[in-house]
Amino acid sequence: MIRVLIGVLWLCLQAGTAAAQQTTYTPYYSADTTQAYQLAVAHRTAIQAHLGAAKTGNSEYREHYKRIVRETSSEVYNAIRHSALLDAELNAMVQRVFRQIQQANPQVASARLVLTRNPQANAYAVGNGTVILNVGLLPGLENESQLAFVLCHELAHIQCRHMETSIQERLTTLHSREMRRQVRRIIQAEYNINSRMKDLVMGLSLDGSYHQRRHERQADSLGYVLLKRTTYEAPQAYRALELLDHIDEPVVKEPLELGRYFSCAEFPKTFEAAPARPQSIFTVKTPEKTVLQTTDTLKSHPDCAKRMRYLRELTAGQIAEGTQPVTPEFARLRSISRLEVVQSWFDTDCYDHALFDALQQLRSDPQNAYLRSMVLLSLYELQHYQLDHRFTEVVSNMSEHNPANFNQLLTVLYGLRTTEYKQLSACFAQLAPAPADDEFTLAARYAAAMLAADQPQATALRQQYQARFRAGRFTTLLFPAPAATGRKTR
Amino acid sequence: MFQLKRTLLTAVLTFSLAAAASAQTQTLDGVKSMPRSGISPIYSGNEVKGYILYARADKADRKNDNYHLDFFDQDLNKVSNITIQKPSGRYTLLQNSFNGTAFGLYFCNFKEGTLEIETYDTSLKKLGTKVIEDLSKGDKMMINQMVRSDGNTENTMGGLTLTPIADKGFVRNSYDGLMKGYALQMYDNNLNPKWRLTSDPKSKYYESFVIREVTDKYLVGTVLRRDGLMSKKFNSYMVAIDVNTGKKVMEAPVETSKTEQLSLSSFSFDVEKREFVAVGEYYKLDDKPFVNKSQGLYIKRFTEAGKLLGAKPYSWQKEVKAALPAEAKASMEDGFVNFTHSIVKGADGTMYIVAEQYKVVADGLGIAALALGGKASPTNGQIGNMLIFVLNPDYSLSTVKFYAKDRSKAMLPPGVGMMGAGLIGQVIKSQGDFDYQFLQRNSSNSLFNVVYINYDKEKGEATKKIVGNIAFGANGQFTLDKIDGTSTATNSFVYPAKPGYVMMVDYLKKQNQLGMKLVKLNI
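Same order as they appear, the protein sequences are chains A and B.
Following full-length UniProt numbering from start to finish, the first sequence increments by one per residue and tops out at 490.
Following full-length UniProt numbering from start to finish, the second sequence increments by one per residue and tops out at 523.
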């Protein structure tokens with residue numbers, strides 16, 4: 001009986017722990033970067049070994065090839081070294097999907113998946129078998145089957161040796177006798193070199209795009225075949241493309257509730273009355289494009305609509321369309337990857353995006369301590385850059401290509417005076433106290449104290465932070481050593 | 001260069017994030033040289049609405065080069081570009097102007113010895129071309145001066161300008177003979193001539209016209225009249241011209257009283273009060289306006305018919321000194337005099353006069369070099385502090401704001417030190433040696449911003465450089481915002497920008513790279 005009771009108690013505790021985990025995810029950080037370093041080195045070495053040296057071509061060809069290998073391996077090394085997301089939950093979930101695909105497709109060349117903190121919705125594959133998946137892609141998907149199709153698509157690229165073929169085709173064209181003759185002819189002609197070179201490069205670009213698009217079609221096709229061999233739902237491939245077509249749109253399209261967060265009795269600011277962006281005096285239309293220069297043609301990937309049409313044919317209509325149900329597990333993956341995206345924007349000094357994403361998510365999760373902390377920390381950084389006259393380096397341009405509610409935030413940010421951050425922070429704090437006592441909350445409290453020019457409080461919080469988080473994720477950013485970083489001591 | 005100072009992680013991710021997080025910056029590669037005049041702001045009314053980057057590209061044929069005109073909007077987004085084929089290496093953009101519906105581009109064709117105007121609509125479709133041949137000697141002299149100074153000087157003596165007339169066209173101002181007279185030619189947007197106004201060819205005086213302002217109804221300017229080309233004695237006249245007909249509706253002298261002589265720095269039309277306002281400086285009766293040290297400021301107001309409504313003097317030693325802060329008094333006693341850079345009026349009627357101090361100092365090295373038979377100047381100019389005089393709507397002196405800055409040196413040509421203080425100020429101005437750069441204002445005339453650069457000119461631009469911004473306006477507050485403009489670039493420039501911003505440009509010769517960045521001001 002006692003054993004049963006202990007068992008029940010243990011189960012309850014486990015359930016409690018799981019529930020706690022459900023609510024307390026904070027973005028991944030490890031002061032010890034050894035694992036990321038080793039992983040980055042391993043992938044760099046693997047790429048260099050796989051691509052090796054050019055076996056054909058003249059010396060220029062070989063040198064160019066060497067440069068491509070160097071740049072590719074270095075790019076992947078940096079992506080992994082500085083942004084690999086090696087957390088125990090998110091990474092584990094995507095690695096599990098990746099393993100299932102590999103197990104169902106043992107004939108596919110060996111490959112390794114790296115999840116990165118890049119907030120852009122993208123994934124890509126390198127010839128040696130490295131698949132890079134950006135965390136920014138995950139919030140836009142609805143289920144594991146869709147994620148599996150994205151990964152199958154990348155594996156198909158590896159299987160078809162698309163990278164190697166692309167490099168070879170490109171270098172063969174660039175270093176061909178015909179190309180050299182054309183360049184020589186342009187230079188010898190002496191006149192209008194720029195425009196002739198531009199035409200030549202445009203031709204090359206169109207040619208390259210054509211081959212890449214052909215590869216994308218192959219990858220969709222083979223990717224679908226690979227997916228069908230798994231236990232995942234193959235019809236979700238179509239839905240994945242449907243989602244990718246709108247992946248850049250914000251989660252919530254309604255205007256941000258800025259007044260709710262940043263206006264209070266002490267600072268009754270009307271955000272809706274923000275002045276409209278001054279109109280451009282120019283009425284220049286986008287230059288008309290020739291048939292060869294349609295927007296779709298110039299992209300490396302065909303428009304999603306075209307890919308969807310192709311997939312519909314390939315699957316003989318066996319497709320999933322429209323909104324799909326989201327399992328609690330995948331909802332969890334989406335939700336925590338959204339938090340990672342906020343953190344990633346913040347870590348890359350894109351404080352406008354970090355603030356925007358945090359405010360968007362606070363709408364549905366108003367008590368989330370992490371998001372609340374990121375709002376305050378973003379405000380603090382924005383004020384710092386504004387004081388330092390570097391504001392335009394960290395705040396995007398307003399653009400018709402931005403979502404309307406992002407432009408709404410930009411309008412407010414561009415109209416802010418440095419003295420107003422104090423009130424914004426104070427109003428935001430009134431909305432709900434921050435009960436958590438984690439690293440983020442402590443850093444945010446320090447930021448709020450600094451914005452309020454409460455130096456004694458800021459000093460106390462700084463000491464508290466440094467005592468508790470000796471190698472904390474905000475140490476360098478908030479408390480930089482002046483000589484080491486060149487950044488002004490705050 | 002305004003490369004983003006980011007961590008390596010940032011650098012890695014920035015590559016892929018660039019499209020999403022496009023900041024208000026532009027970095028251009030392959031720029032082989034960058035004079036200040038390579039970029040010119042486009043104004044619509046008071047506000048900067050974009051920029052034109054003018055550059056020579058490659059050869060078009062045996063005789064011609066391709067010249068690129070890149071258009072950017074006020075946020076530094078590239079809008080479009082135009083390529084024109086003109087004589088090799090001998091075609092310069094003198095000025096751009098925008099009248100709300102059309103761009104007027106004013107070029108000099110050195111090969112043909114002509115001036116050329118091209119107009120474009122807002123979609124950058126060409127509207128018209130005008131080639132002006134048979135340039136006067138005065139025009140040629142002014143072109144040379146403009147090219148030599150690389151857009152660093154302000155044209156204080158009138159001359160070659162293309163002034164936009166809102167939605168109507170452009171007025172070209174030019175010289176007749178060797179600056180003997182002036183001619184104003186109005187064109188519509190297609191460059192069809194509309195009206196022409198010239199100085200009297202029979203006049204015994206030398207006359208030049210400075211366009212000060214274009215209102216809803218008038219083209220307002222000042223005419224400087226003198227006995228001969230080298231004469232240092234000027235008489236100033238206030239002139240208003242009907243923009244539709246080109247007829248003079250007012251021409252009146254700034255009358256010299258029995259006790260002093262007057263110069264005219266600003267002449268404008270107050271649309272609300274429907275009166276003309278003249279602002280200038282006054283001099284001792286025996287002294288020469290612009291040449292000798294002035295005694296103070298004055299303001300005169302006239303009806304639309306040219307009748308005097310009132311005159312008010314502000315003596316440097318009396319009214320102004322009484323309103324000066326202690327540190328400003330000390331600098332005045334140290335021999336500094338004021339050079340008036342700009343005079344603006346706010347929407348609420350408050351007038352602001354922006355001045356900068358300067359004085360002549362003996363130069364030990366120059367004296368020694370002169371004694372040894374060299375050609376160095378024994379005297380040099382010294383640039384002092386910034387001053388802003390604030391006048392209430394009733395023209396009473398409200399306050400004088402003083403902004404201390406490090407003193408900097410202005411090299412003066414030999415002989416200039418012997419000239420009067422007023423003329424020395426003009427020389428310093430024409431050399432571009434004042435720290436004052438420009439004054440910006442918003443369309444509603446409620447926010448003004450004076451920009452100056454302060455650095456040790458002897459040690460060069462690589463030393464610590466401060467870009468100062470003094471903001472003032474309808475809220476009654478004066479704010480000073482200092483930007484650390486120190487840079488390792490080969491050349492750095494500050495340009496006007498949209499309200500609340502300045503544009504900072506760095507050129508790196510070695511990398512052939514040009515960086516443009518909008519900087520938000522904390523004002």
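Built from N, CA and C at the ideal position, the CB exists for glycine as well.
Could you list which residues in chain B have their beta carbon closer than 8 Å to that of residue i, in chain order?
| i | result |
| --- | --- |
| A:Lys285 | Ser123 |
| A:Gln386 | Lys520 and Asn522 |
Please check if any C-beta of chain B sits within less than 8 Å of the C-beta of residue i.
| i | result |
| --- | --- |
| A:Gln21 | Confidence at A:Gln21 is low in this model, with a pLDDT of 42, below 50, so its placement is unreliable and the value that follows should be read with caution. Taking Cβ atoms only, chain B never reaches closer than 8 Å to A:Gln21, which makes this a no. |
| A:Ser166 | no |
| A:Thr297 | Confidence at A:Thr297 is low in this model, with a pLDDT of 46, below 50, so its placement is unreliable and the value that follows should be read with caution. Cβ-Cβ to chain B under 8 Å: no for A:Thr297. |
| A:Ala484 | Summary for A:Ala484: the model assigns pLDDT 47, below 50, so the residue's position carries little reliability; its value from the coordinates is reported in the next sentence. No, A:Ala484 does not count as interfacial toward chain B. |
| A:Leu292 | In this predicted model, A:Leu292 has a pLDDT of only 46, less than 50, meaning its place in the structure is not dependable; the value taken from the coordinates is given anyway. No, because no Cβ of chain B sits closer than 8 Å to the Cβ of A:Leu292. |
What are the partner residues of residue i, as DSSP defines its beta bridges?
| i | result |
| --- | --- |
| B:Gln85 | B:Asn66 |
| B:Pro253 | B:Tyr237 |
| B:Ile523 | For B:Ile523, which the question treats as bridged, DSSP gives no partner whatsoever. |
| B:Trp195 | B:Met186 |
| A:Cys264 | A:Phe267 |
| B:Gln513 | B:Asp29 and B:Leu508 |
| B:Asp270 | B:Glu275 |
| A:Val114 | A:Ile132 |
| B:Ala362 | B:Thr379 |
| residue 531 of chain B | This structure cannot settle anything about residue 531 of chain B, because the visible part of chain B is limited to 1 through 523. |
| B:Ala311 | B:Lys300 |
So is residue i in contact with chain A if we call contact Cβ pairs under 8 Å?
| i | result |
| --- | --- |
| B:Thr25 | yes |
| B:Ala474 | no |
| B:Asp58 | yes |
| B:Asn66 | yes |
| B:Ser22 | For B:Ser22, the predicted structure reports a pLDDT of 48, less than 50, and the residue's modelled location is therefore unreliable. A value from the coordinates is still provided. Chain A contact via Cβ: present. |
| B:Asp75 | yes |
| B:Phe71 | yes |
| B:Lys517 | yes |
Can you pull the chain A neighbours of residue i, defined as C-beta to C-beta under 7 Å?
| i | result |
| --- | --- |
| B:Ile483 | His389 |
| B:Leu447 | Per Cβ cutoff of 7 Å: no residues; B:Leu447 is ~13 Å from chain A at best. |
| B:Asp61 | Tyr191 |
| B:Tyr109 | According to the sequence displayed, residue 109 of chain B carries Asn and not Tyr. Ordered by position in chain A, no residue passes the 7 Å Cβ test against B:Asn109, which lies about 20 Å from the chain. |
For the putative contact between residue i and residue j, defined by C-beta atoms under 8 Å, what is the C-beta separation to the nearest angstrom?
| i | j | result |
| --- | --- | --- |
| A:His43 | A:Thr130 | 5 Å |
| B:Asp433 | B:Ile383 | 7 Å |
| B:Val505 | B:Ile39 | 6 Å |
| B:Ala323 | B:Leu397 | 6 Å |
| residue 491 of chain A | A:Leu410 | Since the first residue shown for chain A is 1 and the last is 490, residue 491 of chain A is missing from the structure and cannot be characterised. |
Against residue i, what residues of chain E qualify as contacts under a CB-to-CB distance less than 8 Å, listed in chain order?
| i | result |
| --- | --- |
| B:Val79 | Absent from the structure is chain E; the protein chains it does hold are A and B. |
Using a C-beta to C-beta distance shorter than 9 Å, which residues of chain A count as neighbours of residue i?
| i | result |
| --- | --- |
| B:Gly50 | Ser280, Ile281 and Phe282 |
With 8 Å as the C-beta to C-beta threshold (strictly closer), list the residues of the region 392-423 of chain A near chain B in chain order.
Cβ contacts with chain B: Thr392, Glu393, Val394, Val395, Ser396, Asn397, Met398, Ser399, Tyr414, Arg417 and Thr418.
Any residues in the region 187-200 of chain A with a beta carbon nearer than 8 Å to a beta carbon of chain B? Which ones, in chain order?
Within the region 187-200 of chain A, the residues whose Cβ lies closer than 8 Å to some Cβ of chain B are Glu190, Tyr191, Asn192, Ile193, Asn194 and Ser195, listed in chain order.
Short of 9 Å Cβ to Cβ, which residues in the region 27-50 of chain B face chain A?
Against chain A - using a Cβ distance shorter than 9 Å - the residues of the region 27-50 of chain B are Ile42, Ser44, Glu47, Lys49 and Gly50.
Output needed in chain order: residues of the region 88-99 of chain B with a Cβ under 8 Å from some Cβ in chain A.
Flagged, chain order: Phe98.
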